[in-house]
Amino acid sequence: PTPPYLKWAESLHSLLDDQEGIQLFRNFLCQEGCADLLDFWFACSGFRKTSQEKRAKLAKAIYRKYIVDGSGIVSRQIKGATKSFIRDCVGKPHPDPAMFEQAQTEIQGVMEENTYPLFLKSDLYLEYT
Amino acid sequence: IDSEDDLLQECISSAMPKKK
Chain P
4 PTPPYLKWAE SLHSLLDDQE GIQLFRNFLC QEGCADLLDF WFACSGFRKT SQEKRAKLAK
64 AIYRKYIVDG SGIVSRQIKG ATKSFIRDCV GKPHPDPAMF EQAQTEIQGV MEENTYPLFL
124 KSDLYLEYT
Chain V
312 IDSEDDLLQE CISSAMPKKK
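If you read the protein sequences in the order shown, they are chains P and V.
Following our numbering from start to finish, the first sequence increments by one per residue and tops out at 132.
Following our numbering from start to finish, the second sequence increments by one per residue and tops out at 331.
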């Protein structure tokens with residue numbers, strides 16, 4: 004069978020589907036000072052599955068932690084229009100479960116084009132393999 | 312604020328793959 008670390012190199016999704024892969028990728032992102040990208044990506048996935056009674060509070064928590072401060076790594080990588088859309092949704096009593104979808108897609112794009120290829124070339128990954 | 316952080320952590324963990 005293919006060892007997990009070779010699977011990680013197939014696609015970002017293969018990497019994010021494996022606990023150990025996530026751990027190593029997160030360590031790499033911590034070194035680079037951008038672990039928030041990964042945490043935000045998982046927060047968006049979790050948000051969709053969150054029960055309705057927790058959703059409004061969680062939307063505020065995600066917004067405050069990653070988006071409201073324009074100098075944060077996540078906020079800097081999300082388009083202005085997407086941030087405005089999220090700001091409008093956050094104020095609603097029953098936020099749409101898909102309200103972070105566009106932002107998640109944008110952050111995934113950053114990881115696919117930037118941090119994920121760098122990870123595969125990093126000492127951390129190469130030493131692991 | 313603490314409970315908001317807890318909620319966020321719980322949300323992130325819920326989205327991670329389970330042990331295989």
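The C-beta atom is built at its ideal place from N, Cα and C for all residues, glycine as well.
Residue environment, L127/P, which counts as buried when at least 16 other CB atoms sit within 10 Å: The residue in question, L127/P, is exposed, as its Cβ has fewer than 16 Cβ neighbours within 10 Å.
Segments of 4+ residues assigned as alpha helix (DSSP H) that fall wholly inside the region 71–123 of chain P: List check, alpha helix (DSSP H) in window: 76–80, 83–93 and 104–113.
Under the three-state DSSP convention, the category L19/P falls into: Under the three-state reduction of DSSP, L19/P is assigned to coil, being neither helix nor strand.
Residue nearest to A326/V in terms of C-alpha spacing, selected from I89/P, L41/P and P6/P: Of I89/P, L41/P and P6/P, the smallest CA-CA separation from A326/V is found for L41/P.
For G36/P, the three-state DSSP class (helix, strand or coil): Correct three-state label for G36/P: coil.
Sub-8 Å separation of P7/P and E23/P beta-carbons: In contact: P7/P and E23/P (Cβ atoms closer than 8 Å).
Neighbourhood of K10/P by C-beta, 6 Å cutoff - its chain only, sequence neighbours within 5 removed: Within the same chain, and ignoring the five residues on either side of K10/P in sequence, the residues whose Cβ sits closer than 6 Å to its Cβ are S17.
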